[in-house]
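Read through the structure below, which is laid out as structure tokens, and then see the notes.
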Amino acid sequence: MNIERHPWIRLAVTSVAAAFVTLASFAAPAAAQEKVTVFAAASMKNALDNANKAWSAQEGRQVTVSYAASSALAKQIENGAPADILISADLDWMKYLSDKKLVKEDTRFNWLGNRIVLVAAKDTANPVDIRPGFDLAGLLKGGRLAIGEPNAVPAGKYGKAALEKLGIWSSVEKSVASAESVRAALALVSRGEAPYGIVYRTDAAADPGVTIVGVFPADTHPPIVYPIAILSESKSKDAPAYLDYLKSARAAPFFEKEGFIVLK
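Note that the sequence shown covers residues -27 to -1, 1 to 237 in mature numbering (1 follows the signal peptide of the UniProt record, and there is no 0).
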């Protein structure tokens, strides 16, 4: 049959070809939407956002991050939240998931370190000598001490441990304003709702509304370690490459710039 002599057949063939082109145009972006989903401690935000922008620009791959307290993230993962990688602000919550077989053990790595500091609103306080028995209650003057929830949020746990070691937890316990994450505790100080707070050094550096008035000695609390691992239910083919990138010399400057210590 000569198609040229039957215009209606030529039209049908053209329409089918166009349909295939249209379907192909939808299929291509879908394949390109492969991404890595990361659950990360709230204190990671500035450094991790910058590192992710660089990786996406260099590799053409996407990263989506949910930031919250490590305790909240671990519970979400336990309850089935879809994620590929967890970055916890302490070893306990990573172990919590590891014990439940929710972590790929061969990918688990102690990645970063940090310090906890005492902060106050910008230009409102003098330097504080943090030593055994120092009068934190007197500094508060009836105000609140902003801190991550001391029994769950890693920064709060470290802060409580330090104050107990220094012998002053009992004097300020009733003045504690527990926050859902370290960034929430930081915001209370930055907004002037609490005169002092205990946060990570990296968080203090990220908020121009606060100033560091003292650094807690490292021997007053357990070592601050940020472990990272791929989760057992990860479906992303890009997760191993992304993990390797974060652990590489290419990514290290983004975290060192914010005050993190890259562990060897």
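Think of the CB as a built atom: it goes at the ideal place given N, C-alpha and C, for glycine as much as any other residue.
Predicted model, so just to flag it, every value in this text is computed and none were measured.
Would you say residue i and residue j are within 7 Å of each other, going by their C-beta atoms?
{"i": "residue 202", "j": "residue 127", "result": "no"}
{"i": "residue 122", "j": "residue 129", "result": "yes"}
{"i": "residue 24", "j": "residue 224", "result": "yes"}
{"i": "residue 163", "j": "residue 182", "result": "yes"}
{"i": "residue 44", "j": "residue 66", "result": "yes"}
{"i": "residue 158", "j": "residue 103", "result": "no"}
{"i": "residue 110", "j": "residue 145", "result": "yes"}
{"i": "residue 12", "j": "residue 59", "result": "yes"}
{"i": "residue 94", "j": "residue 33", "result": "no"}
{"i": "residue 194", "j": "residue 125", "result": "no"}
Report, in whole angstroms, the separation of the C-beta atoms of residue i and residue j, which I expect to be a contact under 8 Å.
{"i": "residue 76", "j": "residue 212", "result": "That pair is no contact at about 12 Å."}
{"i": "residue 81", "j": "residue 200", "result": "6 Å"}
{"i": "residue 231", "j": "residue 179", "result": "7 Å"}
{"i": "residue 73", "j": "residue 51", "result": "6 Å"}
With burial defined as no fewer than 16 other Cβ atoms inside 10 Å of the residue's Cβ, what is the status of residue i: buried or exposed?
{"i": "residue 105", "result": "exposed"}
{"i": "residue 88", "result": "buried"}
{"i": "residue 15", "result": "buried"}
{"i": "residue 117", "result": "buried"}
{"i": "residue 287", "result": "The shown model of the chain, from -27 to 237, leaves out residue 287, and the question about it has no answer."}
{"i": "residue 55", "result": "exposed"}
{"i": "residue 132", "result": "buried"}
{"i": "residue 222", "result": "exposed"}
Which same chain residues, not among the five before or five after residue i, have their C-beta less than 8 Å away from its C-beta?
{"i": "residue 236", "result": "83, 84, 85, 86 and 198"}
{"i": "residue 98", "result": "112, 168, 169, 184 and 186"}
{"i": "residue 140", "result": "105 and 106"}
Among the residues of its own chain, which have a CB less than 6 Å from the CB of residue i, if the five just before and after it don't count?
{"i": "residue 90", "result": "174, 177, 185 and 188"}
{"i": "residue 69", "result": "47"}
{"i": "residue 234", "result": "86"}
{"i": "residue 207", "result": "57"}
{"i": "residue 218", "result": "28 and 224"}
{"i": "residue 114", "result": "none"}
What does a CB cutoff of less than 7 Å around residue i pick up in its chain, not counting 5 residues either side in sequence?
{"i": "residue 36", "result": "8, 9, 11, 25, 28, 29 and 215"}
{"i": "residue 161", "result": "119, 150, 152, 167 and 170"}
{"i": "residue 100", "result": "186 and 187"}
{"i": "residue 192", "result": "none"}
{"i": "residue 142", "result": "133 and 136"}
Could you give the uninterrupted runs of the alpha helix (DSSP H) lying entirely in the segment 193 to 230, keeping only those of 4 residues or more? 212 to 219 and 225 to 230
Every unbroken beta strand (DSSP E) inside the segment 52 to 123 [3 residues or more]: 58 to 60, 82 to 86, 89 to 94 and 118 to 121
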